[in-house]
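J.: Letter 62 of the sequence shown, counting from 1, is numbered 62 in full-length UniProt numbering, and no numbers are missing.
The following block contains the structure, expressed as structure tokens.
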Amino acid sequence: EELLARIRALLRRIQIENDQQKTNKKSVTFKDLTIEKESRIVRRGDEVINLTKREYELLLTLMENVDVVLARDVLLTKVWGYDSEVETNVVDVYIRYLRNKIDRPGENSYIQTVRGTGYVMRS
């Protein structure tokens, strides 16, 4: 039990350090998509993309976790700030909003669906 407690404490410290490193960066980039965190400006190439607060937070969370599959309930907690056992499609709806704004016709979507789990941005 003591070993498990020490392992959990170590994992918590690592997670906190990772979160601090992510928040210290001034911008986040994925392919040609860039978020300037201080000004909250989102660009795809030279085009500025206007996002709502929730869309911005959702995209930032996905871009800070490239190649990590984020479950819907994790996104719900991180972006909307509540932990709910209730089934909701709000994450799916906002993913669709984001795709409509950041994806280009004829190209693969930057945000990939992982069936039965959640979403990921793959590099």
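Built from N, CA and C at the ideal position, the CB exists for glycine as well.
Nothing here was measured: the structure is a model prediction, and the numbers come from that model.
Rounded to whole angstroms, what is the Cα-Cα separation between residue 100 and residue 67?
T.: Position 100 of the sequence shown holds residue 100. Position 67 of the sequence shown holds residue 67. So the two alpha carbons sit approximately 21 Å from each other.
J.: Use the C-beta contact count for residue 7: other C-beta atoms within 10 angstroms, 16 or more gives buried, fewer gives exposed.
T.: Counted from its first residue, the sequence shown places residue 7 at position 7. Exposed, since its Cβ has fewer than 16 Cβ neighbours within 10 Å.
J.: Enumerated in chain order, which unbroken segments of the alpha helix (DSSP H) with a length of 4 residues or greater are wholly contained in the UniProt domain "OmpR/PhoB-type" (25-123)?
T.: Fully enclosed alpha helix (DSSP H) runs of 4 or longer: 53-63, 72-75, 90-102.
J.: What would DSSP say about residue 1, mapped onto helix, strand or coil?
T.: Taking the first residue of the sequence shown as position 1, residue 1 is located at position 1. Coil.
J.: Taking one C-beta from the stretch 33-50 and one from the stretch 74-82 each time, how about it: are there three or more such pairs within less than 8 Å?
T.: Too few Cβ pairs lie closer than 8 Å, so no.
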